[in-house]
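Q:
Numbering (our numbering), first residue to last: 1161 to 1337.
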């Protein structure tokens, strides 16, 4: 049998190389996924969209707190205690944000309500997602991740409300008390 012409050998060689590179890339991707599990894939119900008609804001806030505490436990930190001094402030802040762009306001009111707190932070969310998905988003943000995993933070107050077809939440984080 005669050898194939040089042009055909180049095509076969290029095809073989392309297939080899694709397989190698797929193996690298699979290896990376197996060694870098995502917290959101560990909790399959995070992918379920939020149903506003059946979601109670207080229950949503409690689930948000639970998801934050899970992240803290995963990092070797204690769960957050209830910051009762900040509960009314969180409720007022969330009400003021209805229909508005979620922007951080000065934390003076929180400091006044909780004078023992030396560290005060705030996380905001407006989403049509489950609480665990919101926390996964916070954990993907350098700043919000630092807030959630700050060992100086020991208390939290969370307030949520419906805002159109989304859930709007304010999480106040306090420490030093």
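Glycine included, every Cβ here is placed at the ideal spot set by N, Cα and C.
Bear in mind the structure is a predicted one, so any value in this text is a computation, not a measurement.
May I ask you to report which of helix, strand or coil DSSP gives residue 1301?
A: In the structure shown, residue 1301 sits in coil (DSSP, three-state: anything other than H, G, I, E or B).
Q: Determine the closest residue to residue 1304 out of 1277, 1285, 1217 and 1319, with distance taken between C-alpha atoms.
A: With distances taken between Cα atoms, residue 1304 lies closest to 1285.
Q: Between residue 1246 and residue 1270, what straight-line distance do the alpha-carbon atoms span, to the nearest angstrom?
A: Taking the straight line from one Cα to the other gives about 6 angstroms.
Q: In its own chain, which residues sit with a C-beta less than 8 angstroms from the C-beta of residue 1242, not counting the 5 before and 5 after it?
A: Cβ neighbours of residue 1242 beyond the five flanking positions: 1315, 1316 and 1317.
Q: Just verifying my parser: in three-state terms, what is the DSSP assignment at residue 1265?
A: If DSSP states are grouped into helix, strand and coil, residue 1265 belongs with coil.
Q: Pull up the distance between the alpha-carbon of residue 1255 and that of residue 1234, whole angstroms please.
A: Distance between the alpha carbons of residue 1255 and residue 1234 is about 32 angstroms.
Q: Can you tell me the Cβ-Cβ gap for residue 1258 and residue 1332, rounded? I've got them flagged as a contact below 8 angstroms.
A: Between residue 1332 and residue 1258 the Cβ distance is about 17 angstroms, and since that is not below 8 angstroms, they are no contact.
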